[in-house]
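**Student:** Take this structure, written in structure tokens, and hold onto it; I'll ask about it next.
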Amino acid sequence: MLRYLMKRALLAIPTMFAVSVLVFVILHLVPGDPAAIFIGDRPASPERLAQIRHVMGLDRPLLIQYGDFLRRLGRGDLGRSIHTNTSVLAELLTRIGSSAELALTSFAIAVSLGLGLGLISALRRGTWVDAGAMLVALGGVSMPIFWLASMLIFVFSLKLGWFPATGFGGWNRLVLPSVALGFISSATLARLVRSSVLEVLWQPYVTTARSKGLREAVVIRRHVLRNAFISIITVMGLQFGALLSGAVITETVFARPGVGKLLVDAILNKDFPLVQGAVLFVAVVYIVVNLLVDVSYAYLDPRIRFE
Amino acid sequence: MPLQFKGDLTMERLKRRELFRRAGWGLSALAASQVLHRLSLPGPAYAQATGTLTYGMAGGFDTLDVTATTFTRVGRIGLHIVDPLVWQTRPGQFAPGLATSWTASPDATAYTFTLRNDVKFHDGTPLTAEAVKVTFDRIVDPETKSQTAFSFIGPYDRTEVVNPFTVRVRFKSPYAAFLDGASSPYLGILSPAALKRYGKDFGPVVFVGSGPFMLQSYHADAEVNLIRNPNYNWASRIFQHNGPPYLQRIVFRIIPEDATRLATLETGETLFIEDVPTSDYQRLRNARDFALLEIPQAGSGWSVMMNQQRAPTNDLAVRRAVMHGIDVAGLAKTVWDGVFKPACSPLTPNMFGFDPNTCKGTAYNPDLARRLLEEAGWRTGPDGIRTKDGQRLRLEFFLQPPTKNQEMAAFVQASLKAIGIEVNLNVVARAAYLDAVRSGRHHLQFWWETGTDPGGILRILFHSSNAGGGTNRSNYKNQEMDRLIDQIDATADPQTRTGLVVKAQQKAIDDAVMAYLADPPSLYAQARTVQHVWVDWGGNYPYFYDTRIAR
């Protein structure tokens, strides 16, 4: 197992290298001069623009710029944003906490709600319970998160005054955004859980378990869920990554700082060092999550071994 | 500490009640607050801090350093942390700030300021002439990547330290607008010791001036915490008191979403918000617990620049037709809920030198627009769009995605279609947008500008040095206009200056350089408990030095 983990960690290095090259190339292929974007609608002579470009280090050959990035990265330095002059690491660190707490709580909501709804509707297939649960899931899939978030603020902040509408820090500021984000993500999960459970529910080994006289709860837990989980956990992993780095709309509506918003702004500003840093962070998250997902396969299905 | 604080509040409440009794209950709430204020000066109870003002800000920004930023929001925060050399009370009228007096050379190339000698920066170091020099020299240093401050400091040459409290700022060419710039937060004076100490972290992490509030903490994209400066004792005489501010803290919270920001005001999470959506204007105007602050914004309102380097907007008749062909009153009503006023000039009506007579030349008149096009040979085709020599009258309109931009552009498109002009909307993200309009691939693009000096605004819009990729995206090059703008910049005499501004305004309308759409007010909303907010006449900088929160 340890050898497997080490191998995966080593494999992560070329993956991240590839990601950084890809990001670098794409950013430079997209039209738009970062210095011109920086100046925006302010007056600036061509000489001034050239000065800004020089200060930003954009007048050097691309390969040298990339080489510099790698050299700094080797020292654990992600550089400074060309837009704000802030160190990229500081920019990331000030947002990771807020993003992580939102991702964790909304993930918990998504998983409990998704598993619950999916399982109930699969076990009560064809009844009104199934229809009801899937209606809720349909609502979650089709409801724009922007709308849901605004409605939550309207009802629970403005009308009832139960929770603050915005900000971060403290559990009460976390409730509304987590519910909005968690509910939307739970919908996909619920539908997936339902179909995966249904697929397993009529397998011969489930019938065997039942005929051995196991209690239904044990049958569901040990034989149905465990087998259905292989496909569910893959999607859960991907969802967690998305919650951590792609909750831009939720972050905007609830006025929370976040990695997603940081990355979008950095891309719009063509802030190379910041985009590189943020993308590397996201890549690390996905690599780690994928690893956890892979490791969990072995736990769920003893036929899968890593050696 | 918390106990002590509570005690202060109780004292404050008692004092307030007592004063209310004296003022008499028959007075209206507004009058009461005025009387209250006068009675209380300089009563010791008000020397105590009385709470936290939470401010809902409409978006994030780049840095806290006012001398480097391009964001008005940073100016709004920064004005509390730095002090300007002078304050502008009315267009062209200045009052002492850090400078007690000043003189300008007759040719407006040198300004000499006498500084207060009792000012200390938040790090304890004193304000001296050297600080002014260091601050200004740093603005023109390319490493600072200064933006707004760089335009405000104009043709800066150097700063000379005459003696520890006298400083002379010299310009390469006449610059009558310098006091206007010096009154903005962007040329506020910074602590040289802190600049040296914090290096690149000055701005992104720390920011040290001599203002009534000090930076306590900054969390990017979330909030900026300011705490009162207990040593502050050098307020300008334009304010209602001297000494430390009444508020204990100001928290600027970044809440980008309009509806959420408004909700926070209603839930009490914020006490003051900026950029109130016009759709909520009426509701808030009639609200019992909230007050709207509506201040006509100084500068140049929303307008359309027409690229003269490309056919067919190189044709004066087409540009004049566009100018007369947009139903601006309808646009102000439809897109801006009647809150913005229809515009008629490159300058907003509150600007120095604005002349309403010139506006007659831009009135909405679709018949005149059609006639102008007919006379210029643009004939209506079978689909209602005009053509001339086989060329279709089709204009490419480049704009960025915000909804209001798109609504305005759609309105312009519909208006112009009625007179036979086809408008194609290209909604693109910032990078692609700037690429297109800087290289002149557009016919039409929006502009909006805020500022209090007419010379600066006219230069940005019409001077040929800003054509060809700069801010003059009409690519308008006219020697007479250049001369007028240069003269405005070189003229300090208000009367002569007014005449020149009127001439330039008229010239821009005669040459149909732009089409003027809507003049926005700055719209803020606040809880009625917030009292004595000062806002500059240009409408951009609410200032909470005199502010108190009633219980």
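Listed in order, the protein sequences are those of chains A and B.
Under the numbering used here, think of the first position of the first sequence as 1, with each following residue one higher.
Under the numbering used here, think of the first position of the second sequence as 1001, with each following residue one higher.
Where a beta carbon is used, it is the ideal one built from N, C-alpha and C, also for glycine.
Just to confirm the assignment, what range does the alpha helix (DSSP H) spanning K1333 (chain B) have?
**Tutor:** Looking at the DSSP string, the run of the alpha helix (DSSP H) that includes K1333 (chain B) is V1328 to T1334.
**Student:** On the criterion of 16 or more Cβ atoms from any shown chain inside 10 Å, does W171 (chain A) qualify as buried, or is it exposed?
**Tutor:** So W171 (chain A) counts as exposed.
**Student:** Within 10 Å of its beta-carbon, does I1238 (chain B) have 16 or more other beta-carbons around it, so buried, or fewer, so exposed?
**Tutor:** With fewer than 16 other Cβ atoms within 10 Å, it is exposed.
**Student:** Between the C-alpha atoms of F1136 (chain B) and P34 (chain A), what's the straight-line distance to the nearest angstrom?
**Tutor:** So the two alpha carbons sit approximately 26 Å from each other.
**Student:** Report the residue ranges of all beta strand (DSSP E) runs contained in full by the segment 1401-1470 of chain B; include only those spanning at least 3 residues, in chain order.
**Tutor:** Runs found: 1422-1427 and 1444-1450.
**Student:** Is K1133 (chain B) buried or exposed, if buried means 16 or more other CB atoms sit within 10 Å of its CB?
**Tutor:** Classification for K1133 (chain B): buried.
**Student:** Within the same chain, show all residues whose beta-carbon is closer than 6 Å to that of L1461 (chain B), passing over the 5 residues directly before and after it, in chain order.
**Tutor:** So the qualifying residues of the chain are P1346.
**Student:** At which residues does the alpha helix (DSSP H) containing P1296 (chain B) begin and terminate?
**Tutor:** First-last for P1296 (chain B): F1290 to P1296, but that is the beta strand (DSSP E), not the alpha helix (DSSP H).
**Student:** Tell me whether the segment 82-101 of chain A and the segment 260-279 of chain A touch, counting them as touching only if at least three CB pairs, one residue from each stretch, are closer than 8 Å.
**Tutor:** The segment 82-101 of chain A is in contact with the segment 260-279 of chain A.
**Student:** Would you kindly work out how many angstroms separate the C-alpha atoms of A12 (chain A) and I287 (chain A), rounded to a whole number?
**Tutor:** Cα to Cα, the separation comes out at about 7 Å.
**Student:** When you check each C-beta in the segment 1140-1161 of chain B against every C-beta of chain A, which residues fall closer than 9 Å?
**Tutor:** Answer in chain order: P1142, E1143, T1144, K1145, Q1147, T1148, F1150 and S1151.
**Student:** Quick one: measure Cβ to Cβ for V193 (chain A) and G114 (chain A), integer angstroms, because I've assumed they're closer than 8 Å.
**Tutor:** Indeed they touch by this definition, with Cβ atoms about 6 Å apart.
**Student:** Could you give the distance in angstroms between the alpha-carbon of D1510 (chain B) and the alpha-carbon of R1371 (chain B)?
**Tutor:** Cα to Cα, the separation comes out at about 17 Å.
**Student:** To which residues does DSSP link F1171 (chain B) through a beta bridge?
**Tutor:** Looking at the DSSP assignment, F1171 (chain B) forms a beta bridge with B:Y1156.
**Student:** For the beta strand (DSSP E) that contains W1087 (chain B), what are its first and last residues?
**Tutor:** Its beta strand (DSSP E) spans residues V1086 to R1090.
**Student:** Between V55 (chain A) and chain B, is the shortest Cβ-Cβ distance under 9 Å, so that the two count as touching?
**Tutor:** True, the Cβ-Cβ gap to chain B drops below 9 Å.
**Student:** Would you mind reading off the limits of the beta strand (DSSP E) that contains V1251 (chain B)?
**Tutor:** From DSSP, the beta strand (DSSP E) with V1251 (chain B) extends over R1249 to I1254.
**Student:** Indicate whether at least one CB of chain A lies closer than 9 Å to the CB of K1172 (chain B).
**Tutor:** It does not; no Cβ of chain A falls within 9 Å.
**Student:** Can you give me the Cβ contacts of V175 (chain A) inside the same chain, cut-off strictly under 6 Å, excluding the 5 residues immediately before and after it?
**Tutor:** Within the same chain, V175 (chain A) has close Cβ partners F163.
**Student:** Using a Cβ-Cβ cut-off of 6 Å (strictly less than) and excluding sequence neighbours within five positions of S1303 (chain B), which residues of its own chain qualify?
**Tutor:** Hits under 6 Å: W1447, M1514, Y1516 and L1517.
**Student:** DSSP puts R1273 (chain B) in a beta bridge; with which residues?
**Tutor:** Correcting the residue type first, residue 1273 (chain B) is Ile in the shown sequence and not Arg. Per DSSP, B:G1056 and B:A1525.
**Student:** Measuring only between beta-carbons, confirm whether R1253 (chain B) sits less than 9 Å from chain A.
**Tutor:** Yes, R1253 (chain B) counts as interfacial toward chain A.
**Student:** Give me the Cβ distance between L1098 (chain B) and L1079 (chain B), rounded to the nearest whole Å; I'm assuming they're in contact under 8 Å.
**Tutor:** The Cβ separation is near 13 Å, so there is no contact.
**Student:** Take L29 (chain A) as the anchor and find which of B:A1432, B:V1169, B:G1499 and B:S1522 has the nearest alpha-carbon.
**Tutor:** Per the Cα distances, B:A1432.
**Student:** Ignoring anything shorter than 3 residues, give me the beta strand (DSSP E) runs that lie fully in the segment 1167-1234 of chain B, in order along the chain.
**Tutor:** Counting only runs of 3 or more, we get 1213-1219 and 1223-1228.
**Student:** Whole-angstrom Cβ separation of V94 (chain A) and H1219 (chain B), contact assumed at under 8 Å?
**Tutor:** In the sequence as displayed, the identity of residue 94 (chain A) is Thr instead of Val. Yes, T94 (chain A) and H1219 (chain B) are in contact; Cβ-Cβ is about 6 Å, under 8 Å.
**Student:** Checking contacts by CB at 9 Å: is K1133 (chain B) closer than that to chain A?
**Tutor:** No - not a single Cβ of chain A is within 9 Å of the one on K1133 (chain B).
**Student:** Considering only DSSP beta bridges, list what R1548 (chain B) is partnered with.
**Tutor:** DSSP lists B:Q1531 as partners of R1548 (chain B).
**Student:** Distance cutoff 9 Å, beta carbons only. Does L1434 (chain B) sit that close to anything in chain A?
**Tutor:** Taking Cβ atoms only, chain A reaches closer than 9 Å to L1434 (chain B), which makes this a yes.
**Student:** Using a C-beta to C-beta distance shorter than 7 Å, which residues of chain A count as neighbours of R1438 (chain B)?
**Tutor:** Here the neighbours are A36.
**Student:** Apart from the five residues on each side of it in sequence, which residues of its chain come closer than 8 Å, Cβ to Cβ, to A1436 (chain B)?
**Tutor:** Once the five neighbours on either side are set aside, the close Cβ partners of A1436 (chain B) are F1398, N1426, V1428 and H1442.
**Student:** Could you tell me whether any Cβ in chain A is nearer than 9 Å to the Cβ of N1466 (chain B)?
**Tutor:** Output row for N1466 (chain B): interface = yes.
**Student:** At what residues does the alpha helix (DSSP H) containing E47 (chain A) begin and finish?
**Tutor:** Where E47 (chain A) is concerned, the enclosing alpha helix (DSSP H) stretches over P46 to V55.
**Student:** Would T1471 (chain B) pass as an interface residue toward chain A - the criterion being a Cβ-Cβ separation below 9 Å?
**Tutor:** Judged by the 9 Å Cβ criterion, T1471 (chain B) is in contact with chain A.
**Student:** My assumption, with CB atoms under 8 Å, is that H83 (chain A) sits in contact with D1062 (chain B). Please give the rounded CB distance.
**Tutor:** Their Cβ separation, rounded to whole angstroms, is 6 Å, which keeps H83 (chain A) and D1062 (chain B) in contact under 8 Å.
**Student:** Counting along the chain, where does the beta strand (DSSP E) carrying K1388 (chain B) start and finish?
**Tutor:** Where K1388 (chain B) is concerned, the enclosing beta strand (DSSP E) stretches over R1386 to K1388.
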